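Okay, structure first, notes after.
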Ligand SMILES: Cc1ncc(COP(=O)(O)O)c(C=O)c1O
């Protein structure tokens with residue numbers, strides 16, 4: 044590791060800070076190599092230590108020995124509700140308002156379709172606009188496009204900049220798909236403000252919480268959010284391809300019908316009747332059979348938050364990202380990086396992105412040196428800070444490695460120039 048000197052901050056001071064960190068024991072909940080600097084928990088959370096044993100038990104004993112009896116004996120059937128209840132406190136919702144199912148993309152489809160089919164939307168010829176953000180994560184935009192095509196292109200998808208969303212919410216809007224935190228910049232919307240504007244406009248916002256839940260306070264009830272979805276595999280540590288979740292405010296649940304009317308969303312799946320009658324509450328948003336193994340892994344991910352307050356997570360997240368930014372300013376200022384994330388805490392989530400013309404190759408060189416972040420088009424190096432397992436000293440070492448990769452021109456190696464399928 045190249046030594047870097049700082050006037051106020053030293054590596055030793057950061058090691059001491061780690062010793063005093065109230066969250067330091069949370070790292071033990073994860074199976075992470077000591078020499079790995081993992082700054083990509085915003086994309087794929089680290090492996091919870093409990094997951095391997097839990098998956099082994101579900102596989103060998105529950106599936107292997109108890110077989111189909113496990114749906115009752117080990118309550119596999121209730122996992123969507125059980126895990127929803129564990130997510131609820133992380134997003135400021137009631138347990139009966141959250142359910143785990145399918146992927147984020149599919150849940151976006153289900154909720155957007157449900158809103159567009161509400162009689163007050165469907166029958167109002169003036170409400171034909173779906174609002175989303177120009178730089179939104181593509182799946183949100185694609186789902187809106189695909190659904191609209193299915194509905195005969197009755198709606199217009201209008202993409203606006205982040206600061207135009209509030210004023211775009213008017214009587215023409217059928218629904219808005221807003222991602223709480225921008226996957227590139229880490230900019231966080233003011234949820235309460237946009238929900239208030241949506242209420243005045245008589246429309247609904249569907250929030251995508253993929254880059255906020257588990258890393259910063261999300262107060263769906265307090266901020267009057269009505270609908271939300273989110274990823275299980277990022278800050279929630281549910282494992283690669285983990286199931287996602289949906290939130291629908293209690294007073295709206297009975298009005299909404301899922302377009303994917305599967306048997307597990309039926310009021311009585313084991314009556315096996317021919318006619319679909321939706322279940323009460325969030326159960327109606329279930330579709331088909333869930334993976335008990337994937338849910339077991341996800342439960343371990345959610346349990347890594349046990350007895351840890353989101354307030355403490357937020358405090359450390361901001362401290363880690365402030366430190367990273369400060370060290371980048373001090374030690375990498377002349378190396379061509381510029382941060383595109385918001386400086387002010389109120390608008391910032393838990394990742395920072397730095398633009399650099401050689402962003403992809405630099406990130407590959409960092410990964411080769413055990414500093415893992417990721418790359419996003421067109422030129423962004425993205426670094427996520429996961430307070431449960433990121434140490435202050437990791438930030439120091441990460442910046443030292445960035446500096447070294449730049450000064451040594453290590454990133455110029457041929458092996459880092461060709462893009463992998465996943466960036
Ligand atoms: C904002 C946002 N929504 C959705 C997704 C992914 O959805 P899915 O889990 O359906 O692939 C991502 C993935 O990075 C995301 O950043």
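Residue numbers (this note's numbering): 44 to 466. No residue lacks a Cβ here, since even glycine has one placed at the ideal position from N, Cα and C. Treat the numbers as computed from the prediction; the structure is a model and nothing was measured.
Ranges of the beta strand (DSSP E) found wholly within the segment 379 to 418, counting only runs of at least 3: DSSP runs (the beta strand (DSSP E)) wholly in the segment 379 to 418: 394 to 398.
Residues near residue 286 by beta carbon distance below 7 Å, same chain, minus five either side: Excluding residues within five positions, the ones whose Cβ falls inside 7 Å are 143, 144, 145, 275, 333, 337, 338, 341.
Residue 226 - DSSP class collapsed to helix/strand/coil: Residue 226: coil per DSSP, three-state reduction.
Residues that DSSP places opposite residue 175 in a beta bridge: Looking at the DSSP assignment, residue 175 forms a beta bridge with 202, 220.
DSSP state of residue 138 mapped onto helix, strand, coil: Secondary structure of residue 138 (DSSP, three-state): helix.
Range covered by the alpha helix (DSSP H) that runs through residue 439: Element bounds for residue 439: 435 to 450.
Buried/exposed call for residue 46, threshold 16 Cβ in 10 Å: Unreliable positioning characterises residue 46 in this predicted model, as indicated by a pLDDT of 47, which lies under 50. The coordinate reading is nonetheless provided below. With fewer than 16 other Cβ atoms within 10 Å, it is exposed.
Cβ-based neighbour list, residue 517, same chain, cut-off 8 Å, excluding 5 preceding and 5 following: With the chain covering 44 to 466 only, the question about residue 517 has no answer from this structure.
Member of 316, 347, 289, 158 whose CA lies at the smallest distance from the CA of residue 326: When only C-alpha atoms are compared, the closest one is 289.
Sequence-distant residues of its chain with Cβ nearer than 6 Å to residue 284 (five each side left out): The beta carbon of residue 284 sits closer than 6 Å to no other beta carbon from its chain once the five residues preceding and following it are set aside.
From 73, 196, 181, 82, residue whose alpha carbon lies closest to that of residue 90: The closest CA to that of residue 90, considering only 73, 196, 181, 82, is found on 73.
Residue 180 beta carbon near ligand 2 (any heavy atom closer than 7 Å): Ligand 2 is not part of this structure, which contains only ligand 1.
8 Å contact criterion, which residue 215 and residue 169 should meet: CB distance rounded: Contact holds; Cβ gap of about 6 Å.
8 Å Cβ cutoff met for residue 409 and residue 448: Judged by beta-carbon spacing, residue 448 lies within the 8 Å limit of residue 409, meaning their Cβ atoms are closer than that value.
Cα-Cα separation, residue 71 to residue 92: When only Cα atoms are considered, residue 71 and residue 92 end up about 8 Å apart.
Buried versus exposed call for residue 426 [16 or more other C-beta atoms within 10 Å across all chains shown]: With 16 or more other Cβ atoms within 10 Å, it is buried.
Supposed close pair residue 278, residue 88 - CB separation, criterion 8 Å: Contact holds; Cβ gap of about 6 Å.
Residue 310, DSSP secondary structure in three states: In the structure shown, the three-state DSSP call for residue 310 is coil.
Residue span of the beta strand (DSSP E) that contains residue 249, given as start and end: Segment 248 to 251, the beta strand (DSSP E) holding residue 249.
Residue 147 CB to nearest heavy atom of ligand 1 below 7 Å: It does: the Cβ of residue 147 is within 7 Å (strictly closer) of some heavy atom of ligand 1.
Cβ-heavy atom distance, residue 222 to ligand 1, below 7 Å: Yes, since a heavy atom of ligand 1 falls inside the 7 Å radius drawn around the Cβ of residue 222.
Contact test: residue 226 Cβ vs ligand 1 heavy atom, cutoff 7 Å: Correct: residue 226 has its Cβ closer than 7 Å to ligand 1.
Buried or exposed (CB count within 10 angstroms, at least 16 for buried), residue 391: Buried is the call here.
Given 8 Å, three or more beta-carbon pairs between the segment 152 to 170 and the segment 368 to 386: Short answer: they don't touch.
4-residue-minimum alpha helix (DSSP H) runs that sit fully inside the segment 107 to 137, ordered along the chain: With a minimum length of 4 residues, the continuous alpha helix (DSSP H) runs that stay inside the segment 107 to 137 are 113 to 116, 122 to 130.
CB-CB length for residue 257 against residue 133, believed under 8 Å: Contact flag correct, Cβ pair sits at about 6 Å.
Three-state class that DSSP yields for residue 305 in the structure shown: Of the three classes helix, strand and coil, the one that applies to residue 305 here is coil, per DSSP.
The segment 398 to 415 in contact with the segment 439 to 456 per 3-pair CB rule at 8 Å: As far as the Cβ criterion goes, the segment 398 to 415 touches the segment 439 to 456, which means the pair count is three or higher.
The segment 247 to 262 / the segment 218 to 227 touching (three or more Cβ pairs under 8 Å): As far as the Cβ criterion goes, the segment 247 to 262 touches the segment 218 to 227, which means the pair count is three or higher.
Heavy atom of ligand 1 within 7 Å of residue 187 beta-carbon: Flag unset: Cβ of residue 187 not near ligand 1.
Residue 288 (DSSP reduced to helix, strand or coil): Three-state result, residue 288: strand.
Limits of the alpha helix (DSSP H) - the one that residue 54 falls within: 54 to 63 is the span of the alpha helix (DSSP H), which, as asked, contains residue 54.
Near ligand 1: residue 254 beta-carbon under 7 Å from a heavy atom: Indeed, a heavy atom of ligand 1 lies less than 7 Å from the Cβ.
Proximity test, residue 330 beta-carbon vs ligand 1 heavy atom, cut-off 7 Å: No, the Cβ of residue 330 stays beyond 7 Å of every heavy atom of ligand 1.
Spatial distance of residue 433 from residue 243 (CA atoms): Just so you know, the alpha carbons of residue 433 and residue 243 end up roughly 41 Å apart.
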